[in-house]
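Undergrad: After the structure tokens below, expect a handful of questions from me.
Number of protein chains: 2
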Amino acid sequence: MSNLADIIENYILGKLTGEQRQFMILRRNELAEELNCAPSQISYVLSTRFTANRGFVVESRRGAGGFVRILRIPGQQLIYLKAANTVTEDPRPENIEVVISNLENHQMLSGRESELMRQFFRLTEGHWSLAERARILRKLILRLSDF
Amino acid sequence: MSNLADIIENYILGKLTGEQRQFMILRRNELAEELNCAPSQISYVLSTRFTANRGFVVESRRGAGGFVRILRIPGQQLIYLKAANTVTEDPRPENIEVVISNLENHQMLSGRESELMRQFFRLTEGHWSLAERARILRKLILRLSDF
DNA sequence: AAGTCAAAGGTCAGGAAAGGTCAAAGCTTA
DNA sequence: TAAGCTTTGACCTTTCCTGACCTTTGACTT
Numbered sequence: 019m020s021n022l023a024d025i026i027e028n029y030i031l032g033k034l035t036g037e038q039r040q041f042m043i044l045r046r047n048e049l050a051e052e053l054n055c056a057p058s059q060i061s062y063v064l065s066t067r068f069t070a071n072r073g074f075v076v077e078s079r080r081g082a083g084g085f086v087r088i089l090r091i092p093g094q095q096l097i098y099l100k101a102a103n104t105v106t107e108d109p110r111p112e113n114i115e116v117v118i119s120n121l122e123n124h125q126m127l128s129g130r131e132s133e134l135m136r137q138f139f140r141l142t143e144g145h146w147s148l149a150e151r152a153r154i155l156r157k158l159i160l161r162l163s164d165f
Numbered sequence: 019m020s021n022l023a024d025i026i027e028n029y030i031l032g033k034l035t036g037e038q039r040q041f042m043i044l045r046r047n048e049l050a051e052e053l054n055c056a057p058s059q060i061s062y063v064l065s066t067r068f069t070a071n072r073g074f075v076v077e078s079r080r081g082a083g084g085f086v087r088i089l090r091i092p093g094q095q096l097i098y099l100k101a102a103n104t105v106t107e108d109p110r111p112e113n114i115e116v117v118i119s120n121l122e123n124h125q126m127l128s129g130r131e132s133e134l135m136r137q138f139f140r141l142t143e144g145h146w147s148l149a150e151r152a153r154i155l156r157k158l159i160l161r162l163s164d165f
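Chains as they are written, first to last, in our numbering: chain A, 19 to 165; chain B, 19 to 165.
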């Protein structure tokens, strides 16, 4: 029960919870060297353990001065993120309805807001590819989490 | 009454109750090797004996560094399981009475239920082998834990 | 300003190491 | 013998980890 992935996860979690931080920044290569592993292993852990569904957002920049920033998201925003993640690749009306009414149930959307979204997708049915509709719905939701 | 499945069950139960732990972690392949059986047999025992209804939760992870974690859920079902395990191989009336009244004391059997069981064994005395009576009593008790 | 370079981080396929499943054969017992 | 547990083995899925190769970014050159 202590493979590399766990060690890396604990290292990061330790920095986050131990120091009561809402975020942390690290250099991928540095950490890899410190923990004696391949840099890609850090990426692996980030993508499997620090997912949006688990309440994290990972941002990064490449090139000189590159970095990886890991943020933990507070509860409410998490609900939006989870909702965005339940949007399927080919969102049929039922899926859209599930997502919207779920948000409404969590009181993350007012009645008027949710009705607005419903109408929006009803009225634009067949206008874009399903993948495009998915992208739009996700973005709409994530946008909401900023207000 | 000591086939592989029982041995495995007792091994795990021993670790749990003997060391007063609320959980234990094991490697499926390791344990299989130690007990000289097929790994899938461990899975079999876990899925048949360490069920939620009997007060356990089993979690696992595959792949490198995989493991199996067995947790006992504090509470009621466990009492049934313990009772079933105190049934001796040759259950004389005294043993049966001890088991039943113990369950009654723990309020796991109503007065009517325990009387039902008492009568049942009284009325069938000498009908089967003692081993068979033991098997029946255990099953009765475990069945109760499912409700 | 444009081009070049070195220094990040990202991706992905593939091998290895677990554990999971399931059908079928083997036992036990009524 | 029928019913119901046990066991096993063949095959599947998941998770981990690395290395080769790709892309992005900032700094330096010209």
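No residue lacks a Cβ here, since even glycine has one placed at the ideal position from N, Cα and C.
From the DSSP output, in three-state form, read off residue 78 of chain B for me.
TA: DSSP places residue 78 of chain B in strand when its eight states are reduced to three.
Undergrad: Here's the rule: buried if 16 or more other CB atoms are within 10 angstroms of the residue's CB, otherwise exposed. What is residue 91 of chain B?
TA: exposed
Undergrad: Ends of the beta strand (DSSP E) at residue 105 of chain B?
TA: That residue, residue 105 of chain B, is in no beta strand (DSSP E); it is neither H nor E in DSSP.
Undergrad: Closer than 9 Å by beta-carbon distance: list the chain B residues that pair up with residue 24 of chain A, in chain order.
TA: 83
Undergrad: Cβ of residue 134 of chain B within 8 Å of any heavy atom in the ligand GTP?
TA: This structure lacks the ligand GTP; in fact it carries no ligand of any kind.
Undergrad: Could you pull the DSSP bridge partners for residue 89 of chain B from this structure?
TA: B/41, B/75
Undergrad: Below 8 Å, can you find three or more Cβ-Cβ pairs linking the region 25 to 40 of chain B to the region 152 to 159 of chain A?
TA: Proximity of the region 25 to 40 of chain B to the region 152 to 159 of chain A falls short of the contact definition, fewer than three beta-carbon pairs being nearer than 8 Å.
Undergrad: Grouping DSSP H, G and I as helix and E and B as strand, with all else coil, what is residue 126 of chain B?
TA: coil
Undergrad: Using a Cβ-Cβ distance cut-off of 9 Å, determine whether residue 28 of chain A contacts chain B.
TA: no
Undergrad: DSSP three-state call for residue 147 of chain A: helix, strand or coil?
TA: DSSP places residue 147 of chain A in coil when its eight states are reduced to three.
Undergrad: Where does residue 248 of chain B land, buried or exposed, given buried means 16+ other C-beta within 10 angstroms?
TA: Any answer about residue 248 of chain B is impossible in this case: the structure gives chain B only from 19 up to 165.
Undergrad: According to DSSP, simplified to helix, strand and coil, what is residue 83 of chain B?
TA: DSSP places residue 83 of chain B in the coil class of the three-state scheme, outside both helix and strand.
Undergrad: From residue 140 of chain B to residue 71 of chain B, what does the alpha carbon distance come to, in whole angstroms?
TA: 29 Å
Undergrad: According to DSSP, is residue 120 of chain B part of a helix, a strand, or is it coil?
TA: helix
Undergrad: Around the C-beta of residue 156 of chain B, are 16 or more other C-beta atoms found within 10 angstroms, so that it is buried, or is it exposed?
TA: Counting Cβ neighbours within 10 Å, residue 156 of chain B comes out buried, since at least 16 surround it.
Undergrad: Using beta carbons (cut-off 9 Å, strictly below), is residue 21 of chain A in contact with chain B?
TA: yes
Undergrad: Going by alpha carbons, who is nearest to residue 27 of chain A out of A/123, A/61, A/122?
TA: Here the closest residue by C-alpha is A/61.
Undergrad: Alpha carbon to alpha carbon, what distance is there between residue 114 of chain B and residue 68 of chain A?
TA: 54 Å
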